[in-house]
Ligand SMILES: NC(=O)c1ccc[n+]([C@@H]2O[C@H](COP(=O)([O-])OP(=O)(O)OC[C@H]3O[C@@H](n4cnc5c(N)ncnc54)[C@H](O)[C@@H]3O)[C@@H](O)[C@H]2O)c1
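Residue numbers (the UniProt record's numbering): 1 to 291.
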């Protein structure tokens, strides 16, 4: 897709973070928007920001893990806008828990949003994107769809799955000669609300002796590498170039190289780094407690 002017983009998870900055940047470039999220209050704020650029914006309260609702939304978008060219399957959530202790309901919750949400969005929009004659599917995986990290097994599973699904999809569309393409997005740390909104399983508090709020604050610090505004620009450039995948941020680009260079031997390095970081955090917490 060379240009977003007068195109129609649908975005899931548009109430916050990269969903919001993608919406605003697309609006700035003259792209009409169909925005959805479970958080209606914040979604309305995104619509207000995007609407300032004079494009048509429609809003839907949508839980992406609800297959029938995603299909109904796709049909509604075409009814409202006459066509749809882009679907950003962006909505996502975070969960920290060790593989041994994860509750089945939590595992299903994260897969329902991060993986099945992407699949439903792809399936529901694909016929409409084909009908538009110029379509693009943008599925959000993660740096954690390229490398695994302890406590992130469920998130890793969802994001590795998005990657495999999207890479296969891209090749299928090319083999078919379809007027639709697909890009897989692998953000590194992006300063958004994802860490603070995430779930920490209570077993992890027991295991580490660190309460959930502190764990969230630490994770929130770690993702403060790239702004959500810069991430949106990098993602849209990748769509314009029809890239197969986009590594968002210097950390994603560096760690992707490390994993490709080392194969599975990246794992001891991850563990060493984690131990170092945990020791530092403990030291910091102790000195704050003494002060
Ligand atoms: N921020 C990062 O460091 C980072 C890194 C890698 C990948 N990602 C991925 O980027 C995507 C965007 O996340 P973000 O960082 O902007 O986070 P964010 O928390 O700021 O935004 C995520 C949005 O998804 C919405 N959402 C949650 N559950 C939903 C559901 N069931 N249905 C519809 N919407 C729902 C939330 O309400 C929120 O508005 C996610 O897929 C995330 O996994 C983020």
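Glycine included, each C-beta is placed from N, C-alpha and C at the ideal position.
Query: Report, in whole angstroms, the separation of the C-beta atoms of residue 19 and residue 90, which I expect to be a contact under 8 Å.; Result: 5 Å
Query: With a CB to CB cut of under 7 Å and the five nearest residues on each side skipped, what residues in its chain are close to residue 266?; Result: 147, 258, 259
Query: Below 7 Å, is the gap between the Cβ of residue 187 and the nearest heavy atom of ligand 1?; Result: yes
Query: Using the C-alpha atoms, what's the distance from residue 138 back to residue 178?; Result: 15 Å
Query: For the region 190 to 198 against the region 218 to 227, are there 3 or more C-beta pairs whose distance is under 8 Å?; Result: yes
Query: Exposed or buried, which one is residue 206 when buried takes at least 16 other CB atoms within 10 Å?; Result: exposed
Query: Counting beta carbon pairs with one atom in the region 103 to 114 and one in the region 50 to 58, are three or more of them shorter than 8 Å?; Result: no
Query: Please report the straight-line C-alpha distance between residue 149 and residue 111, rounded to a whole angstrom.; Result: 17 Å
Query: Is residue 33 close to chain B, meaning its C-beta is less than 8 Å from at least one C-beta of that chain?; Result: In summary, chain B is missing from the structure at hand, where a single protein chain is found.
Query: Hey, quick one: how far does the beta strand (DSSP E) through residue 88 stretch, first residue to last?; Result: 86 to 89
Query: Could you check if residue 62 belongs to the surroundings of ligand 1, using beta carbon to heavy atom distance under 7 Å?; Result: yes
Query: Determine, using beta carbons only, whether residue 252 and residue 188 come nearer to each other than 8 Å.; Result: yes
Query: Opposite residue 187 in the DSSP bridges: which residues?; Result: 248
Query: Find out if the Cβ-Cβ distance for the pair residue 74, residue 50 is shorter than 8 Å.; Result: no
Query: Return the CA-CA distance between residue 59 and residue 6, expressed in angstroms with no decimal places.; Result: 18 Å
Query: Using DSSP with H/G/I as helix, E/B as strand and the rest coil, what is residue 296?; Result: The displayed coordinates of the chain run from 1 to 291. Any statement about residue 296 would go beyond what the structure contains.
Query: Can you find a heavy atom of ligand 1 that lies under 7 Å from the Cβ of residue 254?; Result: no
Query: Are the CB atoms of residue 8 and residue 32 nearer to each other than 8 Å?; Result: yes
Query: Using the three-state DSSP reduction, which class does residue 93 fall into: helix, strand or coil?; Result: coil
Query: Per DSSP, which one or two residues make a beta bridge with residue 199?; Result: 95
Query: I'd like the span of the beta strand (DSSP E) that includes residue 232, first residue to last.; Result: Careful: residue 232 lies outside any beta strand (DSSP E), inside the alpha helix (DSSP H) at 228 to 240.
Query: Going by beta-carbon coordinates alone, are residue 36 and residue 14 separated by less than 8 Å?; Result: yes
Query: Among 130, 69, 239, which has the Cα closest to the Cα of residue 3?; Result: 239
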